[in-house]
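Read the structure below first, then the notes.
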Amino acid sequence: MKDYLLDIVKHTHSLGFISLVKVTGTDKTTTFEGLAEDRSVILQATTKTPVADFMGTFGMPNLDKLGVILRIPEYAENANISINKQDRNGESVPVGIAFENAGGDFKNDYRFMASEIINEKLKTVKMREVNWGIQFQPTVASIQRFKFMISANSEETTFIAKTEGTDLKFYFGDHSTHAGNFVFQHDVEGEATRGWAWPVEQVSKILSLGGDTTFKFSDDGVAEIVVDSGLAEYRYLLPAQSK
């Protein structure tokens, strides 16, 4: 279970803009949902195989605290990590995680958010079907070039993505101020012509996660970055922003 907990923290709290996750688990699927506080990113994730420990619906708040606990050296080897449960209305429901080191003399409890509260705080976002104009796997070199352009245009909070022929280009700034552009991906199939604006920080941090990554753009005003961590597939949906 520790590997899944580390994976969740890495792909949510570590990004800096998702601090609350909703977990829904059955004997067939385990899903995670999250939403950036400014609603700039919607997270929908599914594990490769169901996680037996994550049964039911509950919230994972204070992910910073969970991250700290997971990094404590006392829990590095042979730790006992288990789900605490309580009976509510005749049903056994998960209420938290108990951490205990190998010696049994160092313990922490991490508390879940009840299903009623997380369902109210984080309502499931239903996205309409999207027609993806282009989709591709970005290279490490392209992501690094993106970071170079960000550093040269640090005052810009958004960038514009458009295709020119078979090249996908990212544009920063405009003609009235400092500006820059570069080819992020050569030889793309399809097109993105509307020139929507996308959040620089969020896109950069998601692309920096590693793992198998797929980037998608739609002229319908939404982009998606899919990250396969090996344990789960994380889908980050980004609504277009006004420039």
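Quick note, the sequence shown lines up with residues 640 to 882 if you use our numbering.
Ideal placement from N, C-alpha and C gives every residue a C-beta, glycine not left out.
Margin query: I need the boundaries of the alpha helix (DSSP H) containing ASP703, first residue and last residue.
Written below: Residue numbering aside, residue 703 sits at position 64 when the sequence shown is read from its first letter. Per DSSP, ASP703 belongs to the alpha helix (DSSP H) from 702-710.
Report task. Specify, as a first and last residue, the run of the alpha helix (DSSP H) that PHE693 falls within. Result -> As a working note, residue 693 is residue 54 in the sequence shown. PHE693 -> no alpha helix (DSSP H), and no H or E assigned at all.
Cβ-based burial, ALA862 [other Cβ within 10 Å; buried from 16]:
As a position in the sequence shown, residue 862 is number 223, starting the count at 1. ALA862 comes out buried.
Practice task
Following the continuous beta strand (DSSP E) through TYR875, name the residue where it begins and the one where it ends.
Solution key: Here the question's residue 875 lines up with position 236 in the sequence shown. Taken as a continuous stretch (DSSP letters only), the beta strand (DSSP E) holding TYR875 covers 871-878.
Discussion item. On the CB-based measure, 16 or more other CB atoms within 10 Å of its CB, does ASP912 come out buried or exposed?
Written reply: Outside the modelled stretch of the chain, which goes from 640 to 882, sits residue 912, for which no answer is possible.
How is the alpha helix (DSSP H) around GLN783 delimited, first residue to last? Numbered from 1 along the sequence shown, position 144 holds the residue referred to as residue 783. Here the alpha helix (DSSP H) through GLN783 covers 779-791.
- Message: So, at 8 Å on beta carbons, what are the nonlocal neighbours of THR665 in its own chain, with the 5 sequence-adjacent residues on each side left out?
- Response: In the sequence shown, the residue the question calls residue 665 occupies position 26. If we look at THR665 and ignore the five residues flanking it on each side, its Cβ neighbours are PRO689 and MET694.
*Please name the residue, chosen from HIS814, VAL827 and ILE864, that lies closest to PRO838 on a Cα-to-Cα basis.*
Counting from 1 along the sequence shown, the entry for residue 838 is found at position 199. Relative to PRO838, the option among HIS814, VAL827 and ILE864 whose CA is nearest is ILE864.
*asked:* Count Cβ pairs between the region 809-822 and the region 867-879 that sit closer than 8 Å; are there 3 or more?
replied: no
#### Entry: THR668, buried or exposed, once every other Cβ within 10 Å from all chains shown has been counted against 16
Counted from its first residue, the sequence shown places residue 668 at position 29. The residue in question, THR668, is exposed, as its Cβ has fewer than 16 Cβ neighbours within 10 Å.
Name the two residues that bound the continuous beta strand (DSSP E) containing LEU682.
Taking the first residue of the sequence shown as position 1, residue 682 is located at position 43. LEU682 -> beta strand (DSSP E) spans 681-686.
- prompt: Between SER679 and the rest of its own chain, which residues show a CB-CB distance below 6 Å, the 5 nearest in sequence each way excluded?
  reply: Indexing the sequence shown from 1 puts residue 679 at position 40. PRO838 and GLN841.
Practice problem: With a 10 Å radius around its C-beta and 16 neighbouring C-beta atoms as the bar for buried, classify ALA715 as buried or exposed. | Solution: Indexing the sequence shown from 1 puts residue 715 at position 76. Exposed: under 16 other Cβ atoms inside 10 Å.
With distance defined between alpha-carbon atoms, name the residue in LEU654, SER868, THR696 and ARG784 nearest to PHE751. Position 112 of the sequence shown, counting from 1, holds the residue named residue 751. Residue THR696 holds the alpha-carbon nearest to the alpha-carbon of PHE751 among LEU654, SER868, THR696 and ARG784.
Handout entry: the region 750-764 in contact with the region 785-793 per 3-pair CB rule at 8 Å
Key = no
What are the boundary residues of the beta strand (DSSP E) that includes LEU674?
The residue given as residue 674 occupies position 35 in the sequence shown. 669-674 is the span of the beta strand (DSSP E), which, as asked, contains LEU674.
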